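Visitor: Start counting the sequence shown at 31; every next residue gets the next number (this note's numbering). By construction, the Cβ of each residue, glycine as well, lies at the ideal position given by its N, Cα and C atoms. Keep in mind that this is a model prediction, so the values were computed, not measured. The structure that follows is given in the form of structure tokens.
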Amino acid sequence: MAVASLPSLPLRWRPGPAATLLGGLGVALMLGLAVIGSERLIAQIEGDRGIIPVAASSDIAISGVQVETTGDTPEQARLNGWQEAQKLAWAKAGGPPMDLGVIESMVSAVVVEREQIGPRRYIATLGVVFDRARAGQYISGKGIAGQQSAPLLVIPVLRSGGVSQVFEVRGQWQAAWAAFNAGSSPIDYVRPSGAGGDSLLLTAGQPQRRSRAWWRNVLDQFGAADVIIPEARLERQWPGGPVRGTFTARYGPDNRFLESFTLTANEEAAVPAMLATAVQRIDAIYARALAAGALKPDATLNHGGQMDAGLAALVEAARRAEQGAASSADAAATPTPTASAAAPATLSTFTVQFASPDASAVDAALAAVRGAPGVQGASTTSLAMGGTSVMRVTYAGELSGLADALRARGWRVTMGPNALSIRR
31 MAVASLPSLP LRWRPGPAAT LLGGLGVALM LGLAVIGSER LIAQIEGDRG
81 IIPVAASSDI AISGVQVETT GDTPEQARLN GWQEAQKLAW AKAGGPPMDL
131 GVIESMVSAV VVEREQIGPR RYIATLGVVF DRARAGQYIS GKGIAGQQSA
181 PLLVIPVLRS GGVSQVFEVR GQWQAAWAAF NAGSSPIDYV RPSGAGGDSL
231 LLTAGQPQRR SRAWWRNVLD QFGAADVIIP EARLERQWPG GPVRGTFTAR
281 YGPDNRFLES FTLTANEEAA VPAMLATAVQ RIDAIYARAL AAGALKPDAT
331 LNHGGQMDAG LAALVEAARR AEQGAASSAD AAATPTPTAS AAAPATLSTF
381 TVQFASPDAS AVDAALAAVR GAPGVQGAST TSLAMGGTSV MRVTYAGELS
431 GLADALRARG WRVTMGPNAL SIRR
């Protein structure tokens, strides 16, 4: 009996939700490439950003000194202005009355913040830096901190024109913090440059996070113990007109409020000077908070305080098992009468100076020091490209032990008072 075969019918395929979504995304990507071009679809991390902080110096810096002088020539008027600025800065620093020649012998630099030079007139705002080794005996205690804070990560948040930013572009607020000389401040600032992945990790939304585990990861990246958040909100009254700035000092993973104040720049060109003044005032706020005991590192940033309860139970069980095994091994071993329990090594913090001709030399020095036995952490506190940079090293032992560990890794080490100088 013959059986008739049925004609084959064409199968109809219908895409599911996942296939529809992927297809839509593919079409959108092709349309985007066709409209704006592939060169516009760049990664967020690319671009010209990053400002390296200035090397922190312990010299006595007096800024914002305003002078207006005259002279027979522009050069003479300018010289008279600089001499007047040195006398005014000396008085502002609290120095005793002295002759101009003696004051000039203690000046290490004159910083031009703003100046206007005419045929016979000189108007300027200057900064004067006095050498601490020579001027410190006359300005006793000025700018010298009675105590030093723990390393604090700085996240300078700028809010302007409805946009909040930190390191996404080279902003004026970031530049003001990078130019601040924190050598005589009691606050140990850890200032990221904002280059590379800093713009992705440290954003304006980061201070709103509350996860201690996340904050611990961020702080470990920069060798900091806690975080401070200086905020600047700029409001422009009209194009080219006055700029009103509201500045707030915050700190800690909970973004706690300390103090706030307001400054005004009469024109756009005066905004950098206003921001520089704001940085100095915020530094004074943090210094007062440190003296009052408000800037102690948050205890909840420790790993143990944020461990999950179940994970903590497993860790505790493993620790007890290890202790039991160690006790059994000690009981089986023959005791030595002269053996004594070794005291745990004390963690100490030392300063290490190293040559930094370029960024790769900085990375190589940090990697070498961090890899030395006994080193618990190392982070840069002062970067001077083309000169000598400084890092802070936490070491389980004494300075001589750290020197020997670095010599074993091929470094030539020179020891000083609580500090080392290393070079290849």
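(1) Which whole-angstrom value is the C-beta distance of V140 and A115, which I expect to be below 8 Å?
(2) For the stretch 310-322 and the stretch 271-287, state whether three or more C-beta atom pairs, one from each stretch, are separated by less than 8 Å.
(3) Suppose contacts are defined by Cβ-Cβ distances below 8 Å. Is I133 in contact with S223 by that definition?
(4) Using 8 Å as the limit for Cβ to Cβ distance, is W244 near chain C?
(5) Looking at C-alpha atoms only, which residue of G446, T155 and R286 is the closest neighbour of P327?
(6) Quickly, what does DSSP pair F380 with across the bridge? List them, please.
(7) Which residues mark the beginning and the end of the beta strand (DSSP E) in which I82 is found?
(8) Can you round the beta-carbon distance between A254 and V220 to whole angstroms, since I take them to be within the 8 Å contact cut?
(9) Shortest alpha-carbon distance to V159 belongs to which of S138, R150, I147 and R144?
(10) Under a Cβ-count criterion, where at least 16 other Cβ atoms within 10 Å of its own Cβ denotes burial, should P260 be classed as buried or exposed?
(11) Relative to the C-alpha of P429, which candidate in E352, W244 and M445 has its C-alpha closest?
(12) Just checking my contact of P216 with A317 at CB under 8 Å: how many whole Å lie between their CB atoms?
(13) Taking only the alpha-carbon atoms, compute the straight-line gap between E289 and I315 and give it to the nearest angstrom.
(14) Taking only heavy atoms of the ligand PLP into account, decide whether any of them is closer than 7 Å to the Cβ of M415.
(15) Can you tell me the Cβ-Cβ gap for L130 and Q113, rounded? I've got them flagged as a contact below 8 Å.
(16) Sorted by chain position, which residues of the same chain lie with C-beta nearer than 8 Å to N110's C-beta, five sequence neighbours on each side aside?
(17) Out of V273, W244, G166 and A119, which has the shortest C-alpha to C-alpha gap to L331?
(18) Tell me the DSSP secondary structure of G218 in three-state form.
(19) Enumerated in chain order, which unbroken segments of the alpha helix (DSSP H) with a length of 4 residues or greater are wholly contained in the stretch 83-169?
(20) What is the DSSP secondary structure of V184, reduced to helix, strand or coil?
(21) Cα-Cα, which of M136, R162 and M304 is closest to L206?
(22) Between the alpha carbons of A385 and A351, how many angstroms are there, rounded?
(23) In terms of residues, what are the limits of the alpha helix (DSSP H) holding S430?
(24) Apart from the five residues on each side of it in sequence, which residues of its chain come closer than 6 Å, Cβ to Cβ, to A319?
(25) Between which two residues does the alpha helix (DSSP H) carrying Q8 extend?
(26) From E69 to V443, what distance separates their C-alpha atoms?
(27) Could you check what DSSP says for Q406 in three-state terms: helix, strand or coil?
(28) Which same chain residues, not among the five before or five after A433, have their C-beta less than 8 Å away from its C-beta?
(29) How about T155 and Q96: do their beta carbons lie closer than 8 Å?
(30) Restricting to Cα atoms, I'd like to know which of L396, S419, A435 and L293 is closest to A426.
(31) For P40 and Q195, what's the separation of their Cα atoms in angstroms?
(32) Throw me the rounded Cβ distance for the M415 and D393 pair, which I believe falls under 8 Å.
(33) Specify, as a first and last residue, the run of the beta strand (DSSP E) that F210 falls within.
(34) Taking just the CA atoms, how far does G275 sit from P269?
(35) Leaving out five residues on either side along the sequence, give the residues of the same chain with a beta carbon under 6 Å from the beta carbon of E265.
(36) Might you give, ordered along the chain, the residues of its own chain that have their beta carbon closer than 8 Å to the beta carbon of P283, omitting 5 neighbours on each side?
Guide: By the coordinates alone:
(1) Here the question's residue 140 lines up with position 110 in the sequence shown. Here the question's residue 115 lines up with position 85 in the sequence shown. Confirmed, about 7 Å.
(2) yes
(3) For this step, residue 133 is matched to residue 103 along the sequence shown. For this step, residue 223 is matched to residue 193 along the sequence shown. No, the Cβ-Cβ distance between I133 and S223 is not below 8 Å.
(4) Protein chains in the displayed structure number just one, and chain C is not present.
(5) Start at 1 with the first residue of the sequence shown, and residue 327 comes out as number 297. Here the closest residue by C-alpha is R286.
(6) Residue 380 sits at position 350 when you count from the first residue of the sequence shown. In DSSP, F380 forms a bridge with V423.
(7) For the purposes of this step, residue 82 is identified with residue 52 of the sequence shown, where counting begins at 1. Segment: none, I82 is in no beta strand (DSSP E) and carries neither H nor E.
(8) For this step, residue 254 is matched to residue 224 along the sequence shown. For this step, residue 220 is matched to residue 190 along the sequence shown. With 8 Å as the limit, A254 and V220 qualify as a contact, their Cβ atoms being about 5 Å apart.
(9) Indexing the sequence shown from 1 puts residue 159 at position 129. Ranking the options by Cα distance to V159, first place goes to S138.
(10) Within the sequence shown, residue 260 is the residue found at index 230, counting from 1. Result: buried.
(11) Sequence index remark: in the sequence shown, residue 429 carries index 399 (1-based). In the sequence as presented, Pro is not what sits at residue 429; that position holds Leu. Of the listed residues, the one whose Cα sits closest to L429 is M445.
(12) As a first step, residue 216 is located in the sequence shown; it is residue number 186 there, counting from the start. As a first step, residue 317 is located in the sequence shown; it is residue number 287 there, counting from the start. Rounded, the Cβ-Cβ distance is 5 Å, consistent with contact.
(13) Taking the sequence shown and counting its residues from 1, one reaches residue 289 at position 259. Taking the sequence shown and counting its residues from 1, one reaches residue 315 at position 285. Approximately 7 Å between the Cα atoms of the pair.
(14) No copy of the ligand PLP occurs in the structure displayed, which carries no ligand at all.
(15) Here residue 130 corresponds to residue number 100 of the sequence shown, with the count starting at 1. Here residue 113 corresponds to residue number 83 of the sequence shown, with the count starting at 1. Confirmed, about 6 Å.
(16) Looking up residue 110 in the sequence shown gives position 80. Only T99, T100, G101 and Y152 meet the Cβ criterion.
(17) Numbered from 1 along the sequence shown, position 301 holds the residue referred to as residue 331. Closest option to L331, Cα to Cα, is W244.
(18) As a first step, residue 218 is located in the sequence shown; it is residue number 188 there, counting from the start. Rather than Gly, the amino acid found at residue 218 in this sequence is Asp. If DSSP states are grouped into helix, strand and coil, D218 belongs with coil.
(19) 104-122, 130-135 and 162-165
(20) As a first step, residue 184 is located in the sequence shown; it is residue number 154 there, counting from the start. Residue state, collapsed to three classes: strand.
(21) As a first step, residue 206 must be located in the sequence shown, where it is residue number 176. Here residue 206 is Ala; the residue named in the question, Leu, does not match the sequence. Among M136, R162 and M304, the Cα nearest to that of A206 belongs to M304.
(22) Locating residue 385 in the sequence shown gives position 355, counting from the first residue. Locating residue 351 in the sequence shown gives position 321, counting from the first residue. Going by the C-alpha atoms only, they are around 48 Å apart.
(23) Mapped onto the sequence shown, residue 430 falls at position 400. From DSSP, the alpha helix (DSSP H) with S430 extends over L429 to A438.
(24) The sequence position of residue 319 within the sequence shown is 289, counting from 1. Correct list, in chain order: L288 and L325.
(25) This structure cannot speak to residue 8, because the chain is shown only from 31 to 454.
(26) For this step, residue 69 is matched to residue 39 along the sequence shown. For this step, residue 443 is matched to residue 413 along the sequence shown. At E69 the pLDDT is 48, less than 50, meaning the model places this residue with poor confidence; the figure from the coordinates comes in the next sentence. Each residue's Cα considered, the two are about 49 Å apart.
(27) Mapped onto the sequence shown, residue 406 falls at position 376. Note: Q406 maps to strand in three-state DSSP.
(28) Here residue 433 corresponds to residue number 403 of the sequence shown, with the count starting at 1. Answer for A433: V443, M445 and L450, listed in chain order.
(29) The count along the sequence shown starts at 1 and reaches residue 155 at position 125. The count along the sequence shown starts at 1 and reaches residue 96 at position 66. Closer than 8 Å, so yes.
(30) Start at 1 with the first residue of the sequence shown, and residue 426 comes out as number 396. Cα-wise, what sits closest to A426 is A435.
(31) Along the sequence shown, read from residue 1 onward, the residue named residue 40 stands at position 10. Along the sequence shown, read from residue 1 onward, the residue named residue 195 stands at position 165. Residue confidence is low: P40 scores 47 on pLDDT, short of 50, so the model does not pin down where it sits. Its coordinate-derived value is still stated next. P40 and Q195: Cα-Cα distance of roughly 58 Å.
(32) The residue labelled residue 415 in the question sits at position 385 within the sequence shown. The residue labelled residue 393 in the question sits at position 363 within the sequence shown. 12 Å between Cβ atoms; not a contact.
(33) As a first step, residue 210 is located in the sequence shown; it is residue number 180 there, counting from the start. Careful: F210 lies outside any beta strand (DSSP E) and carries neither H nor E.
(34) Here residue 269 is taken as the residue at index 239 of the sequence shown, counted from 1. Here residue 275 is taken as the residue at index 245 of the sequence shown, counted from 1. About 15 Å.
(35) Here residue 265 refers to the residue found at position 235 when the sequence shown is read from its first residue. Excluding residues within five positions, the ones whose Cβ falls inside 6 Å are R274.
(36) Locating residue 283 in the sequence shown gives position 253, counting from the first residue. R239, R240, R242, W245, D256, V257, D328, T330 and L331.
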